[in-house]
Amino acid sequence: MVNNPVRAYGALVVVVAAAVCGTVILSGFVAIDFVLDAVTVWGYIAAVGVMVVCAAVSWLVDLPGILSSEFGSGER
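When you line the sequence shown up against the numbering used here, it's residues 26 to 101, in that order.
#1: Look at the alpha carbon of residue 86 and the alpha carbon of residue 32, and state the distance between them as a whole number of angstroms.
#2: On the three-pair Cβ rule with 8 Å, is the region 37-50 touching the region 68-86?
#3: For the alpha helix (DSSP H) containing residue 58, name the first residue and the last one.
#4: For residue 88, does the count of other Cβ atoms within 10 angstroms reach 16, so buried, or fall short, so exposed?
#5: Is residue 52 near the ligand COA - that is, is its Cβ less than 7 Å away from at least one heavy atom of it?
Dropping the structure here:
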């Protein structure tokens, strides 16, 4: 059971955003022509920017700690 839904699901939103942006960035290394056609250069730059913001948020608020305390299976 989640104790603080805003904190828990906010952390999940950051993780999902980082995963989506990471997928876009990774695919840019694998198939750059397809990525530039699909999301354009500005979309790729935005994905890098969002990834940097997600990393900063994760570092500032202890994202792994929030996820383990809210969704962890162990006792608190």
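Don't be surprised by glycine CBs; every beta carbon is placed ideally from N, CA and C.
Based on what the coordinates show:
#1: The straight-line gap from Cα to Cα measures roughly 10 Å.
#2: Counting Cβ pairs under 8 Å, three or more are found: they touch.
#3: Residues 57-86.
#4: Classification of residue 88: buried, given that the 10 Å Cβ count is 16 or more.
#5: Absence of the ligand COA from the depicted structure is noted, as is the absence of any ligand whatsoever, leaving it without description.
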